[in-house]
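Reviewing the structure listed below.
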Amino acid sequence: MSGATRITAAIAAANKQGRPALIPFITAGHPDMNGFAEHVAILAEAGDVVEIGVPFTDPLADGVTIQRSSERALKAGVSLSWILDTLEQSAAQRTAPVLLMSYLNPLLTMGYETLAGRCVDAGVAGFIVPDLPFEESAPLRAAIEPRGLALVQLVSPVTSGERMKKLCEASAGFVYAVTVTGVTGGGGKADQAAILAYLDRVREVSPLPVCAGFGIREAAQVNAIGTHADGVIVGSALVEVLEQDGDARAFLQSLGGKLHE
Amino acid sequence: MSGATRITAAIAAANKQGRPALIPFITAGHPDMNGFAEHVAILAEAGDVVEIGVPFTDPLADGVTIQRSSERALKAGVSLSWILDTLEQSAAQRTAPVLLMSYLNPLLTMGYETLAGRCVDAGVAGFIVPDLPFEESAPLRAAIEPRGLALVQLVSPVTSGERMKKLCEASAGFVYAVTVTGVTGGGGKADQAAILAYLDRVREVSPLPVCAGFGIREAAQVNAIGTHADGVIVGSALVEVLEQDGDARAFLQSLGGKLHE
Amino acid sequence: MSKQIEQKEQLIQALIAGDYPDSQGRYGPFGGRYVPETLVGAFTRLEQGVSRWLDDTKFRAELNAELRHWVGRPTPLSPAPRLGERWGAEVWLKREDLAHTGAHKINNAIGQALLARRLGVQRVVAETGAGQHGVASAAACARVGLPCEVYMGEIDMTRQAPNVDRMKRLGARVVPVTSGDRTLRAAIDESMREWVSNPTDTYYLLGSAVGGHPYPYLVRELQSVIGREAHQQIIDQAGGLPDVAVACVGGGSNAIGLFHPFIADRSVKLLGMEAGGHGSGLGEHSATLVHGRPGVLHGTYSMLLHDDDGQIQETHSISAGLDYPGVGPEHALLAATGRATYLAVDDNAALDALNECCEYEGLLVALETAHAFAGAREYAMKNPGKRILIGVSGRGDKDLNTLLEHSS
Amino acid sequence: MSKQIEQKEQLIQALIAGDYPDSQGRYGPFGGRYVPETLVGAFTRLEQGVSRWLDDTKFRAELNAELRHWVGRPTPLSPAPRLGERWGAEVWLKREDLAHTGAHKINNAIGQALLARRLGVQRVVAETGAGQHGVASAAACARVGLPCEVYMGEIDMTRQAPNVDRMKRLGARVVPVTSGDRTLRAAIDESMREWVSNPTDTYYLLGSAVGGHPYPYLVRELQSVIGREAHQQIIDQAGGLPDVAVACVGGGSNAIGLFHPFIADRSVKLLGMEAGGHGSGLGEHSATLVHGRPGVLHGTYSMLLHDDDGQIQETHSISAGLDYPGVGPEHALLAATGRATYLAVDDNAALDALNECCEYEGLLVALETAHAFAGAREYAMKNPGKRILIGVSGRGDKDLNTLLEHSS
Ligand SMILES: Cc1ncc(COP(=O)(O)O)c(C=O)c1O
Ligand SMILES: Cc1ncc(COP(=O)(O)O)c(C=O)c1O
């Protein structure tokens, strides 16, 4: 099964259980590099799809939490190469598909061909690249798509209707619906009704599952959004739990994690 | 006898004794107003002509000593009016003629007519006005000359030959030969031979006695200059003696003051 | 002709023909638009605004009137006879330091502020490094009547304190940036975040020829007035073209403004001076074109100072305005084709050049600009008797604190 | 016509005919040359130098080239639409803030520096208040290659600290003046003392339209370029003469430079704004023409702030450049004849005007200049719909410290 199909399937499986897929996000190697493999395992157990953030010096789509976690991870020595090595070691045991969330430059610098090959080995299923709009994505797609890796497209509340359709059609795995115009972590009070209407609009044109992200922090949000999206992405809130040495598993379960029969 | 004549006569009398006339200078009311009358009396006794400095806020031809004394005198409340009042009270007893050294503005502000009248009453014989070049002096002369008051002209080492002749002829009382190009108090090492040659040049064209001033501080200077000038003016050095509560009389005698037969 | 040289020549011909940026915002391989989806609409609107207004007769007239009557254009071209004598050269100075607010930045700021007003936005955000772009933006926004918010790194706020005061006086809100490297790079990051949060009612007034398309194009068009004037002036005053045109390169806006109108004059060497800092090691300089490799930052694919993991390097320069790890994509192309040459001069050489210019021409230039003088001097020493045109990008009043620290 | 009015009219006619200064350096009853005998030769040489060179074709060409290519003349005339709207007036700004070194002072400094070089002196001394004349003198001397020494009052050195740094950078020696009032007045005293000590090899580069003849004339001639340009520009840009021309008045150089070319245009009201400080009492202001009486200071007979004993008053102004108890003799005549009107605005009004200009035109003017804006505003409020020309004598970068102190 291609990475893209695995992702879509994992989301479908969750939906079949009558709940939105849970896609937890962590910054790789944060709060400490030693815990990374274990954190990935916990996330793969509690979540349907796992999103691993590749730290970058200039995370310009991220809020303070992910900025801080990225900075600390980089300082500790986290690199894309190390992330792929670590993921590769546990690839066989992992059932949930893994997505890399990375700004473009680390990917570009590794070289797309090398990147794609190593991702396949590491069991990575696809990418989310917040500073790569569809128009600039051809070279990356040319390297990853033949290997079945997904490039998840993002859409935002200010994406026009026409463009949204194009992006949904171009996406792979799922469509990432950014719920707020803003950076990760949320903060600004968003109009709930407007968000739900927006998600409905995305779903209407999307052939793929639609997952909502940015600013989702608690069970109430998951429940509300869950009926209008196929999955939810939880990033900053989880990063904060880890930062405070909290129990990631319990936190994810409180959000309605994967049911283990 | 007119003020101008009294001055010239006093210098001639000194010269007759075989010595240059001694013209001591003090800033009126410095170091304290109470001592002013007594200081004038001492100067009139030891000197042949007395020069009284009217303090001014902007003494731009003066060095630090006279700047400082002027500032202190002004702070204490000295004014041209007070100086004239004080001089008037002792006018009768005083034998040596008194000159006022004043920047133009205090004179102008009193009004030349008032000034001339009060000066006559105060026994003032004439004026030295360091910021009044001959070309601008007509209005002042028009007021004081009819009353016999002298306007002493200054010449300097950089005064051209032609101009020097004109100034010497226009002067009254004596000609004030500034020995240095600079401010009062001296300081810069002047070339002694050049100064003497300059004084000879002034004397050659001057129908009046020539008195040298600016930077004369000690007996050796008085002796050297005394053979090339008809009188010497001692200012900053005397002001410093008074400032340090020294014996003005003794200091002036050390410079070869008036012989009292 | 080897294949490579032929390729370069083709790129130069395309440059001269005005083919760049192409419809993708590319300058040969460089440029493009790498921005978050949330900003795609804003960039599209900006691009449409640029093509709608930039050559519009009325807009041009409005802009030209502001440039002439408010900014003080044309700025003069000063002969520098005393420097020339010392260097054995004929030296000409294009005086952007005399433009309103004291640097070339205002050419761009007033142009974009007028554009922002046409686009009907509610507010303007801008980043700043040396503070010159912040001051220019604050002034331009006051002039056109738009609220302005300026993001500035904490470190830059200290070393360019007078400019912080000036921005505030001009009514701008100055937001200290405490994240990242706390200099220009972080200020751009933060401005982008702010824009991402308000993509529809906010205009982002970018200060250099960097960023996603159409910024490098827009900024070059607005700054080219420098080179256009200088081109005419040097012919009028010196009787011919210069042998070399020298400018300092941070993001590259003053340099592209000076160079662009000379690109077709192949006899004119174009010399860009980058900040050599205090060494050529990682983090010791900000000489992007000299030491960098291609990469993507702040929306554009260009030369970049980054490590083997694609992480952006810390940079160093005594001049806040050059302290940036990226550079405009058109410079990357000019460097790749050899049409322009880029060299680095270190902090000390810049300081010396600044002092020399003060002492011999009575002109206190910005520390950024001093790099151009140092480069011009070096060139003159190696090439006697040349006619040298130096882009004086700004004045040095803002640098007095830094100079004082370095004068003992 | 009463006798007095007739007399005034005759003086105005003589002014227009260019009869002043007369051969004695007089402007009607004012002016002249009240200087120590040691300086008489130096003044004579200066006077001869002025008549030899000022209208010499080659000297003029040299000066005009420096003004154009180094100083950045003509400075623009900016329309100020947003201020105009607020004031109910048509407002035009003559932008001396854009001249090299940031104020009108450079027009005079470069002219005198070129003259000094022609006269073959060894060095230049200058006084400064706000520091603008000191910076201009330092720059001009560097440009022409003469050593420069600047006398500056201790108090002014504190309140205009950035300018002290600039002068030093430009190679000038800055001498602190600790005597007298430790501001501009004392600095002039001290410069004169220095000149008295070196009358032959030193050129005294006086910074305002004050001092003994020929300084007020020389400075007026060198500064009149402001008014000549503005006269032409306002006709070209606004289609006619202004109703009023407003300038701030310290010693009076920028004001006479603006006013002089408009004197013959009787319909143009001339309005000089003096520093009202924080009150009209002794020592609380430096509004010489408003509150003063005739007297002699620094070589000229003019209006003066002095007491009944002829002692010069302490003055106060928030702006160092206006903090002077005297004023140029030509202004005294303009005031006496009624051809110009002089009013005072206080520190707070100046601060308000400065902020308003920042906020509505993106222009940080000098505190001195702010007095002109305050005056213009007051005029506009009383006379709706007028065309107002304001002389922007300089920029306010130097005043940031003072502004900061007063902003709480
Ligand atoms: C005076 C001056 N010159 C040059 C620069 C560098 O910018 P750019 O390379 O965009 O011209 C700056 C940036 O702040 C500046 O202030
Ligand atoms: C900007 C500015 N304006 C005005 C003045 C006042 O001088 P003046 O009256 O000679 O123009 C000064 C003096 O330093 C100044 O710096």
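Protein chains in written order, with this note's numbering: chain A, 2 to 262; chain B, 2 to 262; chain C, 353 to 760; chain D, 353 to 760.
A virtual CB, placed ideally from N, CA and C, is assigned to each residue, including glycine.
Exposed or buried, A:S70, counting other C-beta atoms within 10 Å across all chains shown (16 or more means buried)?
buried
Could you name the residues of the same chain whose beta carbon sits closer than 7 Å to that of B:S138, not counting the 5 residues immediately before and after it, in chain order?
Beyond the five residues adjoining it in sequence on each side, B:S138 comes within less than 7 Å, by CB distance, of L152 in the same chain, given in chain order.
My understanding is that B:L197 touches B:G4, with C-beta atoms under 8 Å, so please give their C-beta distance in whole angstroms.
Incorrect: roughly 30 Å between the Cβ atoms, too far for contact.
Evaluate D:Q464 with the Cβ neighbour count: other Cβ atoms within 10 Å of its Cβ, from every protein chain shown; 16 or more gives buried, anything less gives exposed.
buried
Residues in its own chain within less than 7 Å of B:A29 by CB, not counting five upstream and five downstream?
F37, I53, G54, V55, P56, A74, V79, I84
Out of curiosity, what's the CA-to-CA distance linking B:A249 and D:F611?
Computed Cα separation, rounded: 56 Å.
Using a Cβ-Cβ cut-off of 8 Å, state whether D:S605 counts as contacting chain C.
Taking Cβ atoms only, chain C never reaches closer than 8 Å to D:S605, which makes this a no.
Identify which residue in D:I664, D:C709, D:L649, D:S669 has its Cα closest to the Cα of D:G631.
Measuring C-alpha to C-alpha distances from D:G631 to each of D:I664, D:C709, D:L649, D:S669 identifies D:S669 as the nearest.
What are the uninterrupted segments assigned as beta strand (DSSP E) that are 3 or more residues long and contained completely in the region 457-508 of chain C, given in chain order?
475-480, 500-505
Which one or two residues does DSSP pair with B:A213 in a beta bridge?
B:A178, B:V233
List, in chain order, every chain C residue whose beta-carbon is nearer than 8 Å to that of D:T427.
Here the neighbours are G424.
Measuring from the CB of C:C493, is there a heavy atom of ligand 1 at a distance below 7 Å?
no
I need the boundaries of the alpha helix (DSSP H) containing D:R715, first residue and last residue.
Just to set this straight, residue 715 of chain D is Leu in the shown sequence, not Arg. No alpha helix (DSSP H) contains D:L715, which DSSP labels as neither H nor E.
I'd like to know if B:V156 contacts chain F, where contact means its C-beta is closer than 8 Å to some C-beta of that chain.
This model lacks chain F altogether; the protein chains it does include are A, B, C and D.
Can you give the beta carbon distance from D:G609 to D:I578, rounded, assuming they're within the 8 Å contact cut?
4 Å
Just tell me which of B:G216, B:A195, B:V235, B:P140 has its CA closest to the CA of D:Y386.
B:P140
Is the closest heavy atom of ligand 2 to the C-beta of D:G727 under 7 Å?
For ligand 2, not one heavy atom lies less than 7 Å from the Cβ of D:G727.
Note down, in chain order, all residues in the region 652-663 of chain D with a beta-carbon under 9 Å from any beta-carbon belonging to chain B.
Y653, L656, H658, D659, D660, D661, G662, Q663
Reducing DSSP to helix, strand and coil, say where B:A126 ends up.
B:A126: strand per DSSP, three-state reduction.
Which value, in whole angstroms, describes the spacing of the CA atoms of C:P566 and C:G604?
Our two residues, C:P566 and C:G604, have alpha carbons roughly 15 Å apart in a direct line.
What does the Cβ neighbour count give for C:P736, buried or exposed, with the cut at 16 atoms within 10 Å?
exposed
Kindly indicate if chain D contains any beta-carbon less than 8 Å away from that of B:G183.
yes
Can you tell me whether D:S489 is buried or exposed? The criterion is at least 16 other CB atoms within 10 Å of its CB, across all chains shown.
buried
Closest Cβ-Cβ distance between C:D517 and chain D: below 8 Å?
yes
Looking at the structure shown, is B:A173 part of a helix, part of a strand, or coil, going by DSSP?
The answer is coil: DSSP assigns B:A173 none of H, G, I, E or B.
Our contact map puts B:S157 next to B:V179 with C-beta atoms below 8 Å; I'd like the distance itself, whole angstroms only.
Contact flag correct, Cβ pair sits at about 4 Å.
Using the beta-carbon of each residue, which ones in chain A are nearer than 9 Å to C:R537?
T58, D59
Comparing the C-beta of A:V179 with each C-beta of chain C, is any distance below 8 Å?
yes
Closer than 7 Å by beta-carbon distance: list the chain C residues that pair up with A:A62, in chain order.
Ordered by position in chain C, the residues that pass the 7 Å Cβ test against A:A62 are P388, V548.
Quick check: is any heavy atom of ligand 2 less than 7 Å from the C-beta of D:N416?
no
Quick check: the Cα distance between D:H833 and C:V473, rounded to an integer number of angstroms?
Nothing in the structure corresponds to residue 833 of chain D, since chain D is present only between 353 and 760.
Could you check what DSSP says for B:I27 in three-state terms: helix, strand or coil?
strand
Which runs of the alpha helix (DSSP H) fall wholly inside the region 404-442 of chain C and span at least 4 residues, in chain order?
Restricted to the region 404-442 of chain C, the alpha helix (DSSP H) segments that are unbroken, complete and at least 4 residues in length are 409-418, 433-439, listed in chain order.
Can you check DSSP and say which residues form a bridge with C:V697?
Paired residues: C:A627.
Between which residues of its own chain and D:A582 is the CB-CB distance below 7 Å, once the five residues before and five after are set aside?
L429, K446, L610, L741
Can you check whether the C-beta of C:S430 is within less than 8 Å of a C-beta belonging to chain D?
yes
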